[in-house]
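Just so it is clear: in the sequence shown, position 37 is 40 by the working numbering, and no numbers are missing. Here the structure is laid out as structure tokens; the discussion comes afterwards.
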Amino acid sequence: MKIALILSGGTGTRLGGPIPKQYIKVGGKPVLLYSLATLAAHPAIDVLWIVAAYEWQGAIVDWIHDAMGAEDGNGERDFAGGWQKFRGFSLPGINRQLSILNGLEEIRKFASGDDYVLVHDGARPMVSASLVTEVFNAAEGHDGTIPVLPVKDTLYFSGEGKQITSLLDRSSIYAGQAPEVFRLGKYYEANRRLLPEEIMKINGSTEPAVMAGMDMVMIPGEEGNFKITTEADLEKFQEIVVRRYGT
């Protein structure tokens, strides 16, 4: 079984505004729904599970129902697009990694330790079906996969943040992306071992896997698979939607 765990619990404080960035509507639908639609339609994914605050769960269910299509004469909905894969919600944790752990706790109730879980950000709307295919394919025979991009800029290290201490070899440094794929059982235990304090220091989904010695494979990421963090990111996505869909 392959489960997609979509993180939609962030508050979007860096972007500002009255609502979290993943719920801002672009082209008539919330940012979250773009990546959710790609994952729902992907043939490799069996289950969709979403981390979201309680006050947004009703709206998400409504958006999913709208995406399913109109009811037929028997009161049944058209499940085209794979929306029937949606299974449920988990509540967000204090930080991103605890949100992931909350999701893993629920997923373990119906999945086995050998199943794969794909972790994706609801504010990363441009994920492609081909990248989803590639992260799953690369994970076969390993404990997981992370898509990465090479670092283009010159990198410097500073111990105190005022003077350059040393240069870093950018040819050996990569920027991680989502979606990341993990073997469920091992990844769950890797996160559990960091409780209660170390998990608060985690910034990236793959960090617990690396710290636990899991066999993680890197594959090339995609430049267009960006995360909406700033106002400029949101404007960039809005421009893309207008070019593609004319809305």
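Heads up, the beta-carbon is just placed ideally off N, CA and C, and yes, glycines get one too. Everything numeric in this text was worked out from a predicted model, so none of it was measured.
Neighbourhood of residue i by C-beta distance below 7 Å, restricted to the same chain and skipping five residues each side
i, result
"G12", "V54, A55, A56, P95, S102"
"V29", "F240, Q241, V244"
"I67", "W86, F89"
"V213", "M219"
Top-ranked residue by Cα proximity to residue i, from the options
i, options, result
"I63", "L237, L35, E201", "L35"
"E192", "Y37, Q87, P21, R111", "R111"
"Y177", "P153, G144, S169", "P153"
"D118", "E143, P128, K204", "E143"
"D69", "P182, R247, W86", "W86"
"F240", "P182, Q60, L197, K32", "K32"
"G224", "A235, S133, F160", "S133"
"T168", "M4, L158, S174", "L158"
"H145", "A40, V184, D236, W59", "V184"
"D156", "A141, R173, N140, G91", "R173"
"Q60", "L39, A40, F92", "F92"
Nonlocal neighbours in the same chain, by C-beta distance under 8 Å from residue i, ignoring five residues either side
i, result
"I202", "N98, Q100, L101, L104, N194, P211"
"L187", "I6, L107, I110, R111, A114, S115, G116, D117, D118, Y119, V120"
"G78", "For G78, the predicted model reports a pLDDT of 45, less than 50, meaning its position is unreliable and no value from the coordinates is stated."
"L171", "L158, Y159, F160"
"E226", "L152"
"F139", "K5, A47, Y119, L121, T148, V184"
Beta carbon of residue i nearer than 8 Å to that of residue j
i, j, result
"L42", "G125", "no"
"N228", "Q180", "yes"
"Y190", "V120", "yes"
"M71", "V151", "no"
"K88", "I149", "no"
"M217", "G147", "yes"
"I205", "L197", "yes"
Cβ distance (whole Å) where residue i is taken to contact residue j below 8 Å
i, j, result
"Y37", "P128", "4 Å"
6 Å CB neighbourhood of residue i in its chain, flanking five on each side removed
i, result
"A215", "A193"
"I27", "V34"
"L8", "W52, G106, V120, V122"
"V135", "H45"
"M4", "D49, A114, D118"
May I have a chain-ordered list of the alpha helix (DSSP H) segments no shorter than 4 residues that lie completely inside the stretch 139 to 214? 187 to 195, 210 to 214
Whole runs of the alpha helix (DSSP H) within the stretch 17 to 104, excluding any shorter than 4 residues: 34 to 44, 57 to 71
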